[in-house]
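Remarks on the structure that follows.
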Amino acid sequence: MKSQKVLICTLTILLVSALSISVWVLCSNISAAKKVPDTISVGIINYKILDLDCFLVWQVTNHSEHEVRFDANRIATDITVNSRSYVAASDPVILQPGETYNFQLFIPARYLQGIFKYYHVSLTAITENGTKATYKKSIPISV
178 MKSQKVLICT
188 LTILLVSALS
198 ISVWVLCSNI
208 SAAKKVPDTI
218 SVGIINYKIL
228 DLDCFLVWQV
238 TNHSEHEVRF
248 DANRIATDIT
258 VNSRSYVAAS
268 DPVILQPGET
278 YNFQLFIPAR
288 YLQGIFKYYH
298 VSLTAITENG
308 TKATYKKSIP
318 ISV
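178 is the number of the first residue of the sequence shown in our numbering; add one for each residue after it.
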């Protein structure tokens with residue numbers, strides 16, 4: 178009698194465990210199937226050099242058929258200027274299909290380091306889903 182109870186308890190635990198694992202796998206597959214890749218384009222659409230400081234406009238466009246989200250500081254991230262890291266703060270952004278976002282960026286003259294004749298700029302946008310788009314440009318400095 179006692180061995181039957183142990184057997185029934187063991188089988189019940191195994192059955193509940195198997196069902197739990199099945200539900201977890203099913204839910205994981207459903208959420209993975211819903212994840213659609215983001216399609217974005219990026220670029221520097223305008224810039225101006227004034228007293229050796231650089232003002233530029235960074236543009237990100239959503240080409241997806243769904244909204245694309247960017248966490249804070251991710252619409253303009255991994256910024257390098259003349260091989261030096263640069264940080265620019267940005268708010269979270271949600272772009273609807275076909276929508277474009279312009280981000281103004283100021284780069285002070287100290288990033289020239291006295292030897293460059295160009296601002297060599299690299300910027301990246303990273304969506305909430307992990308899609309990355311990077312743009313590089315060399316901006317000439319006319320003195």
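Glycine is no exception: its CB is placed at the ideal position from the N, C-alpha and C atoms.
Owing to the predicted nature of the structure, the values given are computational and were not obtained by experimental measurement.
Can you list, in chain order, the residues of its chain with a C-beta nearer than 6 Å to that of residue i? Leave out the 5 residues immediately preceding and following it.
i: residue 311; result: 301
i: residue 299; result: 257 and 313
i: residue 279; result: 234 and 236
i: residue 255; result: 301
i: residue 224; result: 233 and 316
i: residue 284; result: 231 and 258
i: residue 297; result: 259 and 315
i: residue 264; result: none
Please name the residue or residues paired with residue i in a DSSP beta bridge.
i: residue 279; result: 236
i: residue 309; result: 303
i: residue 230; result: 227
What residue range is occupied by the uninterrupted beta strand (DSSP E) comprising residue i?
i: residue 243; result: Note, residue 243: premise wrong, no beta strand (DSSP E); not H, not E.
i: residue 332; result: The structure shown does not extend to residue 332, since the chain is modelled only from 178 to 320, so the question has no answer here.
i: residue 226; result: 217-227
i: residue 261; result: 261-263
i: residue 272; result: 270-272
Sorted by chain position, which residues of the same chain lie with C-beta nearer than 7 Å to residue i's C-beta, five sequence neighbours on each side aside?
i: residue 308; result: 214, 215 and 217
i: residue 238; result: 217, 218 and 277
i: residue 266; result: 250
i: residue 261; result: 288
i: residue 295; result: 315, 316, 317 and 318
i: residue 322; result: Since the first and last residues shown for the chain are 178 and 320, residue 322 lies out of range.
Spatial neighbours of residue i within its chain, please: CB distance less than 8 Å, with the 5 preceding and 5 following residues excluded, ordered by chain position.
i: residue 304; result: 215, 217, 245, 246, 247 and 251
i: residue 319; result: 226
i: residue 229; result: 286, 289, 318 and 320
Exposed or buried, residue i, counting other C-beta atoms within 10 Å across all chains shown (16 or more means buried)?
i: residue 249; result: exposed
i: residue 127; result: Absent from the model: residue 127. The displayed extent of the chain is 178 to 320, so no value can be given.
i: residue 241; result: buried
i: residue 306; result: exposed
i: residue 253; result: buried
i: residue 277; result: exposed
i: residue 270; result: buried
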